[in-house]
Amino acid sequence: MATLARPARDASATVPMRPELRRRQRRNLRAALLFILPWIIGASIFTVWPILYSGYLSLTDYDVINAPEFIGLDNYRRLLSDEKIALSLFNTAYYTVLLVPAQILFSLALAMLLNEAGRSSSFFRTAFYLPNMTPPVAVGILLLLLFNGQQGLINMALGWVGIDGPNWTTDGPWIKPGLILMGLWSVGSTVIILLAALRNVPAELYDSAKVDGANWWQRTMKVTVPMISGTIFFLVIVNTIAGLQTFTEAYTAFFGAGTYSNEAALFYAIYLFQQAFEFLNMGYASAMAWLLFVIIMIITGIQFLVSKRLVFYEGDDK
Numbered sequence: 018m019a020t021l022a023r024p025a026r027d028a029s030a031t032v033p034m035r036p037e038l039r040r041r042q043r044r045n046l047r048a049a050l051l052f053i054l055p056w057i058i059g060a061s062i063f064t065v066w067p068i069l070y071s072g073y074l075s076l077t078d079y080d081v082i083n084a085p086e087f088i089g090l091d092n093y094r095r096l097l098s099d100e101k102i103a104l105s106l107f108n109t110a111y112y113t114v115l116l117v118p119a120q121i122l123f124s125l126a127l128a129m130l131l132n133e134a135g136r137s138s139s140f141f142r143t144a145f146y147l148p149n150m151t152p153p154v155a156v157g158i159l160l161l162l163l164f165n166g167q168q169g170l171i172n173m174a175l176g177w178v179g180i181d182g183p184n185w186t187t188d189g190p191w192i193k194p195g196l197i198l199m200g201l202w203s204v205g206s207t208v209i210i211l212l213a214a215l216r217n218v219p220a221e222l223y224d225s226a227k228v229d230g231a232n233w234w235q236r237t238m239k240v241t242v243p244m245i246s247g248t249i250f251f252l253v254i255v256n257t258i259a260g261l262q263t264f265t266e267a268y269t270a271f272f273g274a275g276t277y278s279n280e281a282a283l284f285y286a287i288y289l290f291q292q293a294f295e296f297l298n299m300g301y302a303s304a305m306a307w308l309l310f311v312i313i314m315i316i317t318g319i320q321f322l323v324s325k326r327l328v329f330y331e332g333d334d335k
């Protein structure tokens with residue numbers, strides 16, 4: 018009776034690694050560690066240690082002047098009863114939920130126009146990216162100038178078409194929409210990333226879709242969006258995290274003078290800053306920071322779970 022041949026054994030599994038090869042690998046490892054050592058030291062001192070220390074401070078009553086006094090979970094219990102925590106979280110969520118889709122859609126529209134611009138695309142890429150170079154403090158001041166209810170450019174433009182614009186900077190219901198519109202000022206980096214993704218979509222896919230009779234909208238939804246969905250997902254993650262931590266523009270526009278009382282612009286990061294550096298409740302502010310960290314982690318985890326159904330990666334079998 019014929020016998021089945023045994024599969025050949027992997028020679029690399031039986032032959033011991035040569036001493037020269039092991040020494041070379043150790044040298045390469047030491048060289049790699051030496052090159053990344055400055056980053057490790059910097060990250061440990063300026064990132065890891067502050068994170069761990071803020072976790073300790075969140076369990077203390079600390080006013081910066083006196084030594085921290087351990088109080089256990091009192092700061093976290095206080096979070097549950099602080100009405101401004103709920104208000105600031107609502108303002109931040111409202112802002113982020115509306116801003117992120119608006120940024121993605123607006124940036125995708127600009128990127129698709131740039132993709133068809135030909136030689137002039139270099140100029141427009143630079144023009145779209147320049148607002149990202151504007152300091153956030155200047156953007157906050159610009160917001161007050163553009164959205165001024167009486168003499169602002171936005172209301173002047175609306176008046177030309179017969180629309181009586183609202184008081185963007187004083188009426189509570191219009192403050193966050195004004196900030197959202199101002200957030201579209203700096204979409205240049207998102208546009209550039211989406212443009213790079215669009216240029217990596219194989220032209221053969223569009224040609225096949227045209228042969229099948231697909232119109233522009235069908236090509237966009239069935240070819241473009243799925244092929245760049247990984248990039249869109251990355252931008253949604255990054256912009257969501259940035260939206261949840263928004264601070265400078267709103268603080269400059271509405272809290273810089275220290276006299277503004279309309280709480281429609283009170284974002285979570287602004288309230289955290291006030292607790293830490295205006296009221297010197299550093300322990301309570303640390304607890305707020307850890308709450309924000311947990312919220313961001315939960316939202317990011319949910320986004321990753323949802324992405325398994327919505328995001329296409331080249332080489333996927335689904």
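Position 121 (the sequence shown) corresponds to 138 in this note's numbering; numbering is contiguous. Here a beta-carbon is modelled for each residue, glycine too, at the ideal position from N, C-alpha and C. Please read all numbers here as calculations on a predicted model, not as lab measurements.
C-beta atoms of Gln262 and Ala286 nearer than 9 Å: Yes, the Cβ-Cβ distance between Gln262 and Ala286 is below 9 Å.
Residue from Leu309, Ile245, Leu252, Trp56 whose Cα sits closest to the Cα of Phe329: Ile245
For Pro55, the first and last residue of its enclosing alpha helix (DSSP H): 36-60
Cβ neighbour criterion (16 or more within 10 Å) applied to Gln292: buried
Cβ shell of Ile62 (< 8 Å), same chain only, five flanking positions each side left out: none
Separation of Tyr79 from Pro190, as counted between CA atoms: 36 Å
6 Å CB neighbourhood of Asn184 in its chain, flanking five on each side removed: For Asn184, where only same-chain residues beyond five positions count, the Cβ hits under 6 Å are Gly166.
CB contact below 9 Å: Leu163 versus chain D: Annotation note: the requested chain D is absent from the structure, which comprises a single protein chain.
Option nearest Ile316 by Cα separation, candidates Ala110, Ser71, Arg40, Leu69: Ala110
Local Cβ density within 10 Å of Thr186, reported as buried at 16 or more and exposed below that: Buried, because 16 or more other Cβ atoms sit within 10 Å of the Cβ of Thr186.
Whole-Å CB distance - Ser124 paired with Leu211, under 8 Å assumed: 6 Å
Inter-residue spacing [alpha-carbon to alpha-carbon] between Ala304 and Thr143: 41 Å
Residue ranges of each alpha helix (DSSP H) within the segment 220-259, 4 or longer: 220-228, 233-236
Check whether Glu280 and Leu104 have beta carbons under 9 Å apart: yes
Run of the alpha helix (DSSP H) containing Gly135, from where it starts to where it stops: Per DSSP, Gly135 belongs to no alpha helix (DSSP H) and is neither H nor E.
Proximity of Arg236 and Ala226 at Cβ, strictly below 9 Å: A contact, by the Cβ cut-off of 9 Å.
Proximity of Leu196 and Tyr73 at Cβ, strictly below 9 Å: no
Beta-ladder partner(s) of Phe164, from DSSP: Per DSSP, none; premise fails for Phe164.
Own chain partners of Ala48 with C-beta closer than 6 Å, once the 5 adjacent residues on each side are dropped: none
Opening and closing residue of the alpha helix (DSSP H) in which Ile180 lies: Unbroken run through Ile180: none, as it is neither H nor E.
Beta-carbon contacts of Thr20 that lie in its chain and below 6 Å, excluding the five residues immediately before and after: Note that Thr20 scores 49 on pLDDT, short of 50, meaning its location in the model is unreliable and no value can be drawn from it.
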